[in-house]
Amino acid sequence: MRKPVRRKLPKSGAAIDFATNVKQKLEQRQNPSCVFCRRNDDCPEKYGEKKTYDNGITLHYYCLIMSSGLYQRGKENEGIYGFLAADIRKEIRRASRMLQEAMSCSVLLPVNQTDRRDALHRSKEKCRVCKKRGASIGCAIAKCPKSFHFPCGVENQCIFQFTGQFASYCWEHRPVQKLPSIWSGSSYTCAVCLESIDPIPSYDILKSPCCKNTWFHRQCVQYQALSAGVFFFKCTICSNKDEFQKEMLRMGIHIPEKDASWELEENAFQELLHRYQRCDARRCLCKNGREYAEPDSKWDIVLCKYCGSSGTHLACSLLASCMENWECPECRDIVYKSEKLRKRRLREDIKSPKRKFADNQESLHSPKCPRLSSETRKECKKRQIFTSRSLTDILKDLRSQIKLNVISRINVDRTNVWEGALREMRRKTFSPTSTICVQFSDDTRKPPVAVDLGNPCHEFFCLLMHHLENSVLFEGSTTSKNMTLNSRALRWDWYYEAGRMIAISIVHGGPSPNFFSTTLFNCLAYGPEVTEPTMEDVTHFEVTQKIKKIKESSSLEELKLSVNENADYLSVAGCLRPIWSLDDKEMLVKDVLTFHVISRVRSPFERFREGLKVLGVLENIQKYPEVFAELLCYKPQKLTAETFGKLFSINFSPDGSNRRIAESRVIGFWRDYLADVEDGTTKASFEEILTFATGTNVSPVISFLPGPSIKFLHNDGIIQYRFPTGQTCLNCLKLPMSKTYEEFKECVDFAICNTPGLKRM
């Protein structure tokens, strides 16, 4: 029996090579390489999707579409992405084998003989990077002989444009971005990954074409393009789409024609459809547990109006219905602190426009926070100019709107000045820009004494402001009044008419209200949203006691007791809510004050503000709040002998006449009389003297029109003048030619103190 012949084993080196070849073939079957680049790397972000098709061809998507001699001759559903299998095999043979095969594919080569020769020479060349055959991609520059595989081109910073003719450029002829003409040399951050970046255009660093000082890593912007697709790929700073995509395609960024990845994922936002269903109250009263919810009952769950991720049963938070807004403790604390900070900053910015403008100019800008636009800078400069103007100049500009050749006549009764003003100013023929001529229907006084029968416009506005100060439209102390809520006044639109009358009085040279509270003025100047009322603004005794009881609570139990006792009022005010700690006291007091002083009278306030818009008064109040505060909120400064004497100009007779000497002596008496008025040794006051001569007891910010003057009553043979007279239509005070100061003082005191109507001013 023959023994089996034992085959000789190869030597050790040959055995290793044999095992290596077997392993490589096995790996090749499991992970075949691309037919173009001969690499088996599977990196969709860099080389595109790698896939083996039914015809046995394995390739990278980018290697396929970037091949120089390959054209898409099929439809989208034919072959591989519209490329026919026969064309792909021809391109592979052209790039790797025979020169004659390239010549047979005449449709793939240029018609020009010189270009044909260059292309044939290029097709035979090896890859300039890896020195292997199969380089199917050439530089788009006709005179450049370089050919390379797609992965090799990526490694050597070649540019591949995934648009138009799908041109490819080698590392010497690739398109580049220009360095900005103005560059500070400082470092910035990538607008995608927010990591530090050097703002120098290069292959790995790209500059945004639509935003200044916006830079990207190439890898970051490529990942963003693959994820967002052509419909959502845009600049992350300014959201520009067309210009940004055009520049990125030029620089070799592939933007796939697909929807965004987050839109393609099934049920990607499914969790947003789930409603939070749990009671998070500190003490849940429901016996069935915190997750139990019964619609349209006290066990219905209400979510926080801010975050929506916290809830409470209606019964657990003492809520009346699901329509009420509930805030979880965390959001309530955050909103309260941020709102308080925002109000404080807004007031500071409005009151200090100079400092704000300077800060904006000096602060350094960041790539994501560009500098102020030219329009914003102009507005800042305007506001800077606004605050530098005086009240006199502002009111003079407002007065320039008055038409001297158009007259509106007002006939009123002093005892019913409000009704008369409403009747006359609501006429269609009345215009706020016309010159106002007032005549009192109840004036039965004789011209020689006191105020004459002219056009007592100052007296009319003074009586009107006096009526408004004591009307049902306002409440509070004499020097600090707020709006009231009066249904009758709201129904008859008196709040609008009051605002309009105040605006007309200010522009036409009448007195200002001088009784606005600081809170009311801040609401007009800065807006009710940023105004915080105080306890002094509450005039209702019962409401004051309720707020004080809450404010003076020293413990949590005492605070809860105060809230329960005033639950009805707090419910009406919209401030009834659970109290978790003593820190909630301050916020509760603020909310109650805001409701009672501001929110409760919001409708009257809006109508009053509309009335103040007449003749541009409200606009100027908001432009110059600090200037108008003194005009509307405080009583005018007390008159003195010096300031009062400067109000009147003296009309002397010509020099050299006998009358001039007597007039100079009377003026001396007049100045002594003013000094006695200041000392309080006369029966008349400065206000009464001013009313006697001009019809108003307040010196307007703008000078009187015409200016107050002093004339003299000279005696003749028939008439002897002992007492002074006043002409309010001309703002003129006529003094008698008294021989002694005692006579002068007695006559002036008697005339002023016994003139009807002055005590009403």
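The numbering used here runs 225 ahead of the 1-based position in the sequence shown. Where a beta carbon is used, it is the ideal one built from N, C-alpha and C, also for glycine. All figures in this text were calculated on a predicted structure; none of them were measured in a lab.
Handout entry: Within 8 Å, strictly: CB atoms of Ile846 and Ala750
Key = In the sequence shown, residue 846 corresponds to position 621, counting from 1. In the sequence shown, residue 750 corresponds to position 525, counting from 1. Result yes, Cβ atoms of Ile846 and Ala750 sit closer than 8 Å.
Exercise for the section: Could you check the C-alpha separation between His180 and Ser696 for me, to the nearest Å? Expected result: In the structure displayed, the chain extends from 226 to 986; residue 180 sits before or after that span and is not available.
Handout entry: C-beta atoms of Ile462 and His442 nearer than 8 Å
Key = Walking along the sequence shown from the start, residue 462 turns up at place 237. Walking along the sequence shown from the start, residue 442 turns up at place 217. Not a contact, by the Cβ cut-off of 8 Å.
Problem - Cβ pair Leu818, Ile775 closer than 8 Å - result: Walking along the sequence shown from the start, residue 818 turns up at place 593. Walking along the sequence shown from the start, residue 775 turns up at place 550. Result no, Cβ atoms of Leu818 and Ile775 do not sit closer than 8 Å.
Exercise for the section: Could I get the ranges of all uninterrupted beta strand (DSSP E) runs contained in the region 488-540, with 3 residues as the minimum, in chain order? Expected result: Counting only runs of 3 or more, we get 526-528 and 536-538.
Handout entry: Where the alpha helix (DSSP H) through Asn883 begins and ends
Key = By one-based count along the sequence shown, residue 883 stands at place 658. Note, Asn883: alpha helix (DSSP H), Asn883 to Asp904.
Practice task
Pull up the distance between the alpha-carbon of Cys532 and that of Arg716, whole angstroms please.
Solution key: Position 307 of the sequence shown, counting from 1, holds the residue named residue 532. Position 491 of the sequence shown, counting from 1, holds the residue named residue 716. Approximately 40 Å, taken between the alpha carbons.
Exercise for the section: Excluding the 5 residues preceding and the 5 following Val839 in the sequence, name in chain order all residues of the same chain whose CB lies nearer than 7 Å to its CB. Expected result: Taking the first residue of the sequence shown as 1, we reach residue 839 at position 614. Same-chain partners within the cutoff: Pro657, Arg725, Ala728 and Ile729.
Practice task
Tell me where the alpha helix (DSSP H) around Ser712 begins and ends.
Solution key: In the sequence shown, residue 712 corresponds to position 487, counting from 1. From DSSP, the alpha helix (DSSP H) with Ser712 extends over Ser712 to Arg716.
Practice task
Would you list, in sequence order, the uninterrupted alpha helix (DSSP H) runs of no fewer than 4 residues that lie entirely inside the region 725-783?
Solution key: Qualifying alpha helix (DSSP H) stretches, in chain order: 743-750 and 766-776.
Exercise for the section: Pick helix, strand or coil for Asp974, following the three-state DSSP scheme. Expected result: Mapped onto the sequence shown, residue 974 falls at position 749. The answer is helix: DSSP assigns Asp974 an H, G or I state.
Exercise for the section: Please say whether Gln447 and Glu274 have beta carbons closer to each other than 8 Å? Expected result: Walking along the sequence shown from the start, residue 274 turns up at place 49. Walking along the sequence shown from the start, residue 447 turns up at place 222. Not in contact: Glu274 and Gln447 (Cβ atoms no closer than 8 Å).
Handout entry: Euclidean distance between Cα positions of Ile914 and Val768
Key = Here residue 914 refers to the residue found at position 689 of the sequence shown. Here residue 768 refers to the residue found at position 543 of the sequence shown. For Ile914 and Val768, the distance between alpha carbons rounds to 43 Å.
Practice task
Could you tell me the boundaries of the beta strand (DSSP E) in which Leu1056 lies?
Solution key: Residue numbering for the chain in the displayed model covers 226 to 986; residue 1056 lies beyond these limits and cannot be assessed.
Problem - Meets three-Cβ-pair contact criterion under 8 Å: the region 458-475 and the region 422-436 - result: yes
Practice task
Could I get the ranges of all uninterrupted alpha helix (DSSP H) runs contained in the region 822-885, with 4 residues as the minimum, in chain order?
Solution key: Entirely contained in the region 822-885, the alpha helix (DSSP H) runs reaching 4 residues are, in chain order, 827-837, 842-848, 850-858 and 866-872.
Practice task
Can you check DSSP and say which residues form a bridge with Gln664?
Solution key: Sequence index remark: in the sequence shown, residue 664 carries index 439 (1-based). DSSP lists Asn636 as partners of Gln664.
Exercise for the section: Check whether the region 471-490 touches the region 500-510, counting contact only when three or more Cβ pairs, one atom from each stretch, lie closer than 8 Å. Expected result: Flag = no, the region 471-490 and the region 500-510 do not touch.
Practice task
Starting from the C-beta of Ile305, find all residues in its chain whose C-beta is less than 6 Å away, skip the five residues before and the five after it, and write them out in chain order.
Solution key: As a first step, residue 305 is located in the sequence shown; it is residue number 80 there, counting from the start. Same-chain partners within the cutoff: Tyr278.
Handout entry: N-terminal and C-terminal residue of the alpha helix (DSSP H) that Ile430 is part of
Key = What you label residue 430 is simply residue 205 of the sequence shown in a count that begins at 1. Note, Ile430: premise wrong, no alpha helix (DSSP H); beta strand (DSSP E) at Ile430 to Lys432.
Handout entry: First through last residue of the alpha helix (DSSP H) which encompasses Phe911
Key = By one-based count along the sequence shown, residue 911 stands at place 686. Where Phe911 is concerned, the enclosing alpha helix (DSSP H) stretches over Phe911 to Thr919.
Problem - Close-in-space but distant-in-sequence residues of the same chain around Glu835 (CB under 8 Å, 5 per side omitted) - result: Counting from 1 along the sequence shown, the entry for residue 835 is found at position 610. Excluding sequence neighbours, Glu835 sits near Tyr721 and Gly724.
Handout entry: Validate contact between the region 733-747 and the region 695-712 using beta carbons, cut 8 Å, 3 pairs
Key = Three or more pairs of CB atoms, one per stretch, sit closer than 8 Å, so the region 733-747 contacts the region 695-712.
Exercise for the section: Whole angstroms is fine: what's the gap from Arg651's alpha carbon to Gly841's? Expected result: Working through the sequence shown from its first residue, we reach residue 651 at position 426. Working through the sequence shown from its first residue, we reach residue 841 at position 616. Taking the straight line from one Cα to the other gives about 19 Å.
Handout entry: Outcome for Ile480 when other beta-carbon atoms lying within 10 angstroms are tallied against a minimum of 16
Key = Residue numbering aside, residue 480 sits at position 255 when the sequence shown is read from its first letter. Buried, because 16 or more other Cβ atoms sit within 10 Å of the Cβ of Ile480.
Problem - Buried versus exposed, by CB contacts within 10 Å (16 or more), Tyr296 - result: Position 71 of the sequence shown holds residue 296. That one is exposed.
Exercise for the section: Measure from the alpha carbon of Val663 to the alpha carbon of each residue in Ile632, Lys653 and Glu867, then state which is nearest. Expected result: For this step, residue 663 is matched to residue 438 along the sequence shown. It is Ile632.
Exercise for the section: Taking only the alpha-carbon atoms, compute the straight-line gap between His683 and Gln952 and give it to the nearest angstrom. Expected result: Sequence index remark: in the sequence shown, residue 683 carries index 458 (1-based). Sequence index remark: in the sequence shown, residue 952 carries index 727 (1-based). Taking the straight line joining both Cα atoms gives about 12 Å.
Exercise for the section: Give me whichever residues DSSP pairs with Glu700 in a beta bridge. Expected result: By 1-based counting over the sequence shown, the position of residue 700 is 475. Partner(s): Asn707.
Problem - Cβ pair Phe820, Ala792 closer than 8 Å - result: Residue mapping note: residue 820 aligns to position 595 of the sequence shown, counting from 1. Residue mapping note: residue 792 aligns to position 567 of the sequence shown, counting from 1. It is not a contact, given that the beta carbons lie outside the stated cut-off.
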